[in-house]
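**Student:** Got a structure for you, written out below as structure tokens; questions coming shortly.
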Amino acid sequence: MELDLGPMRRQYLNGQLNEADVKANPIEQFIIWFNEAISCEEFDASAFVLSTVSSESMPSGRVVLLKGILNEGFLFFTNYLSQKGKEIENNPFVAMTFFWPKSERQIRVKGKVEKLDKVRSLVYFHSRPRDSQIASFISPQSQVIESRQVIEEAFYRAQQQFSDKIPLPEFWGGFIICPLIIEFWQGRENRLNDRLQYTLIDKQWIIQRLAP
456 MELDLGPMRR QYLNGQLNEA DVKANPIEQF IIWFNEAISC EEFDASAFVL STVSSESMPS
516 GRVVLLKGIL NEGFLFFTNY LSQKGKEIEN NPFVAMTFFW PKSERQIRVK GKVEKLDKVR
576 SLVYFHSRPR DSQIASFISP QSQVIESRQV IEEAFYRAQQ QFSDKIPLPE FWGGFIICPL
636 IIEFWQGREN RLNDRLQYTL IDKQWIIQRL AP
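The sequence shown begins at 456 in the numbering used here and counts up by one.
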């Protein structure tokens, strides 16, 4: 089987990215672009590809939802015993990639992951819809299961079991990705795309332009 996708192409004409126009702090610049992505009605603007590496040096990527931004970095929540959770425990250096096609923009982040404190994880967990809390409680995420019925039955039992607050599972909580490198990419005509990279050196952000 063969599929030729060579003819699939279009020009990027929406904008430009100049050193004089960006913030000195990449987190501030990210927030500007993120708000513009929401204004453009980008589909799931908070979704990003999280890339991790196993102990066998095998990379994995999956789409995760951004759940907050602090001065220190980017927040997301997950099952600590999932594949990504285990790979992060083994190697805390990860990459995250946002792509907003309407804006013709991409943001790439490389950084180190740290666990969030339990209080913040608890607050977020109980802000979620009740059934989402139950799903997180009963799912052995990333493990092989016999059938969908196994999960559906466990979900139903948990719905009956918990009449009040659902406890935060010990295996579930938040991470913060503390960025070391952040690249902002703006599509331009004739593939002469703008790329500005922020690199953290001695606690200072250095901005450099990269070739398209």
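Quick reminder that beta carbons are idealized off the backbone N, C-alpha and C, glycines included.
Secondary structure at R563, three-state DSSP: helix, strand or coil?
**Tutor:** If DSSP states are grouped into helix, strand and coil, R563 belongs with the strands.
**Student:** Does the beta-carbon of A492 have 16 or more other beta-carbons within 10 angstroms, so that it is buried, or is it exposed?
**Tutor:** Buried is the call here.
**Student:** Using CA coordinates, which residue listed in K620, G540 and N490 is at the minimum distance from V568?
**Tutor:** That would be G540, whose Cα lies nearest to the Cα of V568.
**Student:** Enumerate in chain order the residues of its own chain whose CB-to-CB distance from S510 is below 7 Å, with the five nearest sequence positions on each side excluded.
**Tutor:** Excluding sequence neighbours, S510 sits near N545.
**Student:** If G628 and E559 are in contact, beta carbons under 8 Å, what's the gap, nearest whole angstrom?
**Tutor:** Contact doesn't hold; Cβ gap of about 35 Å is too wide.
**Student:** Taking its Cβ as the centre, do 16 or more other Cβ atoms sit within 10 Å of V574, making it buried, or is it exposed?
**Tutor:** Classification of V574: exposed, given that the 10 Å Cβ count is below 16.
**Student:** Output the residue ranges of the beta strand (DSSP E) runs that lie fully inside the segment 514 to 580 and measure 3 residues or longer, sorted by chain position.
**Tutor:** If we require 3 residues or more, the beta strand (DSSP E) runs fully inside the segment 514 to 580 come out as 514 to 520, 523 to 525, 528 to 534, 548 to 555 and 560 to 570.
**Student:** Just reading off the beta strand (DSSP E) that D649 is part of, what are its end residues?
**Tutor:** D649 to I656 is the span of the beta strand (DSSP E), which, as asked, contains D649.
**Student:** First and last residue of the alpha helix (DSSP H) that includes A502?
**Tutor:** Note, A502: premise wrong, no alpha helix (DSSP H); beta strand (DSSP E) at A502 to V508.
**Student:** Quick check: I668 and F639, are their CB atoms within less than 8 Å of each other?
**Tutor:** In the structure displayed, the chain extends from 456 to 667; residue 668 sits before or after that span and is not available.
**Student:** Examine the Cβ distances between the segment 506 to 522 and the segment 461 to 478 and report whether three or more of them are shorter than 8 Å.
**Tutor:** Judged by Cβ distances under 8 Å, the segment 506 to 522 makes no contact with the segment 461 to 478, as fewer than three pairs qualify.
**Student:** Would you mind stating whether F617 and A590 have Cβ atoms separated by less than 8 Å?
**Tutor:** No. Outside cutoff.
**Student:** Taking only the alpha-carbon atoms, compute the straight-line gap between C633 and P481 and give it to the nearest angstrom.
**Tutor:** Cα-Cα distance, rounded: 12 Å.
**Student:** Need the endpoints of the alpha helix (DSSP H) that Q616 sits in, please.
**Tutor:** Looking at the DSSP string, the run of the alpha helix (DSSP H) that includes Q616 is R603 to Q616.
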